[in-house]
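In the UniProt record's numbering, the protein residues as written are 1 to 156. Working notes, beginning with the structure itself.
Structure, rendered in structure tokens:
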């Protein structure tokens with residue numbers, strides 16, 4: 001559990017908004033490897049509950065960094081689609097399932113509890129990924145809820 005200015009969040013970080021002089025939205029993300037590795041760095045770290053399948057190899061060889069990439073991506077999507085709590089989400093406003101949190105643990109087609117899904121694997125390092133970045137970097141990004149199909153959608 002993470003506490004931030006009186007608000008507690010289950011998981012890896014939060015996105016919130018404030019309205020002081022100007023209305024703005026922001027994200028706070030912790031270190032996924034040291035604060036909550038079994039939740040926040042999965043699938044690169046052994047889960048704390050559920051099926052105990054072996055962790056995946058992190059694409060940048062850094063469990064904390066690669067876990068944070070997933071968390072920042074999830075929160076960035078939530079901030080963009082539901083910045084002030086009245087945008088895109090499912091369920092209750094007090095506990096919304098947003099575009100990424102509605103697809104928690106899904107990174108590829110065929111995902112199920114304990115399995116991130118069918119992913120690309122780097123033949124040299126054995127790292128799992130679903131997105132290519134600049135300078136040959138590889139990343140694992142979360143699936144997002146597609147509002148048209150009401151299904152989790154991945155990059156490939």
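C-beta: ideal position from N, C-alpha, C; glycine also.
Identify whether residue i lies in helix, strand or coil by the three-state DSSP scheme.
| i | result |
| --- | --- |
| residue 32 | helix |
| residue 133 | coil |
| residue 50 | coil |
| residue 57 | strand |
| residue 62 | coil |
| residue 150 | coil |
Output yes or no for whether 8 Å exceeds the beta carbon distance between residue i and residue j.
| i | j | result |
| --- | --- | --- |
| residue 72 | residue 29 | yes |
| residue 154 | residue 109 | yes |
| residue 98 | residue 78 | yes |
| residue 119 | residue 129 | yes |
Keeping to the same chain, check which residues put their C-beta closer than 6 Å to that of residue i; ignore five residues upstream and five downstream.
| i | result |
| --- | --- |
| residue 88 | 81, 82 |
| residue 133 | 139 |
| residue 25 | 17, 79, 83 |
| residue 91 | 97 |
| residue 111 | 117 |
Going by beta carbon distance, what residues of the same chain come within less than 7 Å of residue i, once the five residues before and after it are set aside?
| i | result |
| --- | --- |
| residue 115 | 53 |
| residue 56 | 43, 44, 116, 128 |
What does residue i pair with, by DSSP beta-bridge criteria?
| i | result |
| --- | --- |
| residue 138 | 132 |
| residue 89 | Answer is none; residue 89 lacks a bridge partner. |
| residue 127 | 57 |
If you measure from the CB of residue i, is any heavy atom of the ligand GTP nearer than 7 Å?
| i | result |
| --- | --- |
| residue 43 | No copy of the ligand GTP occurs in the structure displayed, which carries no ligand at all. |
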